[in-house]
Amino acid sequence: MTGSDTEPVRIDTSRPHPARVYDWWLGGKDNYPVDEDLARKILAVDSTVLRGARANRRFMQRATRVAAEAGTRQFLDIGTGIPTEPNLHQVAQGVAPESKVVYADNDPIVLRHAEALLQSTAEGTTTYVHADVRDPDTILRLASANLDLSRPVALSLVALTHYLGTDPDGDDVYGLLERYVSALVPGSYLILSQVTPDLNPEAIERAAEHFRRAGTPFHPRSLAEFSRFFDGLELLGPGVIPVSGWRPEPQDVAVQAEGIVPVYAGVARKP
Ligand SMILES: C[S@@+](CC[C@H](N)C(=O)[O-])C[C@H]1O[C@@H](n2cnc3c(N)ncnc32)[C@H](O)[C@@H]1O
-8 MTGSDTEPVR IDTSRPHPAR VYDWWLGGKD NYPVDEDLAR KILAVDSTVL
42 RGARANRRFM QRATRVAAEA GTRQFLDIGT GIPTEPNLHQ VAQGVAPESK
92 VVYADNDPIV LRHAEALLQS TAEGTTTYVH ADVRDPDTIL RLASANLDLS
142 RPVALSLVAL THYLGTDPDG DDVYGLLERY VSALVPGSYL ILSQVTPDLN
192 PEAIERAAEH FRRAGTPFHP RSLAEFSRFF DGLELLGPGV IPVSGWRPEP
242 QDVAVQAEGI VPVYAGVARK P
C-alpha cells in the first residue's frame, strides 16, 4: 500500500461520502446513517439509482474483461470504491493471472478496505494508492512503482468524473484526463462512466442538489460533454451509450429489462 498508509484511518461520519452512499445503493454494509440518509433522499428523486449502481458496476467488469481479452495486462483504477466482488483485479486476473492492478481512491474507508483489494494471484500484483485523482503526479509516480508505463495500461475512472468540475482554476476535469492519457502509451485504454442529465433532467438536477447540499459537488454531463473525454482516442463499439447497453452479457439481461439508467459509459483505445 502506498500514499498515506502510515497515517491512522479516520472515518468522518458527520457528513456523507460518495463511496459510502454508493455502497448503500449496492446493498453494502460499509456506510453510516448520514450516508443512508443522502442515499435515500436521492433514491426518492431518482428511482433508477439502485439499478444504476448495479449496472455501472457490471459495466466496470465487462469493460475490464474487454481490455484484458485484448491483451492488456496492466490496470490503473482511480476512484475504485469500497470492494464489491468481483473487483476489477478479479476480472483482469481471471482472464490473465499475471495482470498487475493499481487501485487509487481518496476516501479513508476505501483505504481501510484496501486489504481486500490486495488479494492478488501469485503471478500478478495488486496495490493500493491512497490519493486524490486531482493529483496525477502523485498517482502516476506511485503507480509506476508497480506498472511499467512504457507498456499499455487500461485506465479506468468509473462513476468518478461527475464529482469533478470543469473550471480550469479548479478541478479542470478535461485537463486532468489529458494529463493521465498523455502519460500512457498507444494501445492503452480509457474506461469511463458518469451520470448524465440527458434522460431524466429534473430527477438528476434534484439528485445533484442533494449531493451539493451535503457538501459534495456534483456535475452530471450531457452526451457531448461526456464524449469530449475521449477526444483524440478511438472509441470502441458501440461508442458512448447508457451504461447497461455497453456490450451486455447474458447475465445483464435482467438489469437491462428494468430500463435505461442515466449513466453514460464508453471505452476508447489510445492510437
Ligand atoms: C460512485 S463510487 C464508484 C466506485 C467504482 N469505481 C465503481 O464504479 O463501482 C466513486 C468513487 O470515487 C471516489 N472519489 C471521489 N472523488 C475522488 C477524488 N477526488 N479522488 C479519488 N477518488 C475519488 C470515491 O471515494 C468513491 O470511492
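Counting in this note's numbering, the sequence shown runs from -8 upward without gaps.
For every residue, glycine included, the Cβ atom is placed at its ideal position computed from N, Cα and C.
Since this is a predicted model, take the numbers as computed values, not measurements.
TODO: With a threshold of 16 other CB atoms inside 10 Å of the CB of Glu89, please say whether the residue is buried or exposed.
DONE: exposed
Open item on the list: Can you determine whether any heavy atom of ligand 1 sits closer than 7 Å to the C-beta of Ile69, and answer yes or no?
Closed with: yes
Open item on the list: For a quick check, are the C-beta atoms of Asp162 and Leu168 less than 8 Å apart?
Closed with: no
Open item on the list: Suppose contacts are defined by Cβ-Cβ distances below 8 Å. Is Ala87 in contact with Ala59 by that definition?
Closed with: yes
Open item on the list: At a cut-off of 7 Å, would you count Asp123 as near ligand 1, judging by its Cβ distance to the nearest heavy atom?
Closed with: yes
TODO: Could you tell me the distance, in whole angstroms, from the CA atom of Asp158 to the CA atom of Val164?
DONE: 8 Å
Open item on the list: Can you tell me whether Val164 sits near ligand 1, meaning its C-beta is under 7 Å from at least one heavy atom of the ligand?
Closed with: no
Task: Inter-stretch contact (C-beta, 8 Å, three-pair minimum) for the segment 136 to 150 and the segment 174 to 186 - done: yes
Open item on the list: In this structure, how does DSSP classify Arg238 when only helix, strand and coil are distinguished?
Closed with: coil
Open item on the list: For Ile69 and Arg125, I'd like the C-alpha separation in whole angstroms.
Closed with: 10 Å
Task: Bridge-paired residues (DSSP) for Lys91 - done: Gln65, Thr116
TODO: Could you tell me which of His121, Ser5, Phe220, Gly223 sits nearest to Asp26, measuring between CA atoms?
DONE: Ser5
- [ ] Could you tell me how far apart the beta carbons of Val120 and Val93 are, in whole angstroms, since I believe they sit closer than 8 Å?
- [x] 6 Å
Open item on the list: Does the distance between the C-beta of Asn97 and the nearest non-hydrogen atom of ligand 1 fall short of 7 Å?
Closed with: yes
- [ ] Taking only heavy atoms of ligand 1 into account, decide whether any of them is closer than 7 Å to the Cβ of Val149.
- [x] yes
TODO: State the start and end residues of the unbroken alpha helix (DSSP H) segment that holds Ser218.
DONE: 214 to 218
Task: Limits of the alpha helix (DSSP H) - the one that Gly257 falls within - done: Segment 254 to 260 is the beta strand (DSSP E) holding Gly257; no alpha helix (DSSP H) there.
TODO: Have a look at Asp(-4) and Tyr255 and give me their C-alpha separation to the nearest angstrom.
DONE: Since pLDDT at Asp(-4) reaches only 48, below the 50 mark, its modelled position is unreliable, and the value read off the structure follows with that caveat. Straight-line Cα distance between these residues: approximately 33 Å.
Open item on the list: For His153, which residues in the same chain have their Cβ closer than 8 Å to its Cβ, ignoring the five residues on either side in sequence?
Closed with: Gln185, Val186, Phe209, His210, Pro211, Arg212
Task: Limits of the alpha helix (DSSP H) - the one that Gln84 falls within - done: 79 to 86
Task: Where Pro7 sits in the DSSP three-state scheme - done: Pro7: coil per DSSP, three-state reduction.
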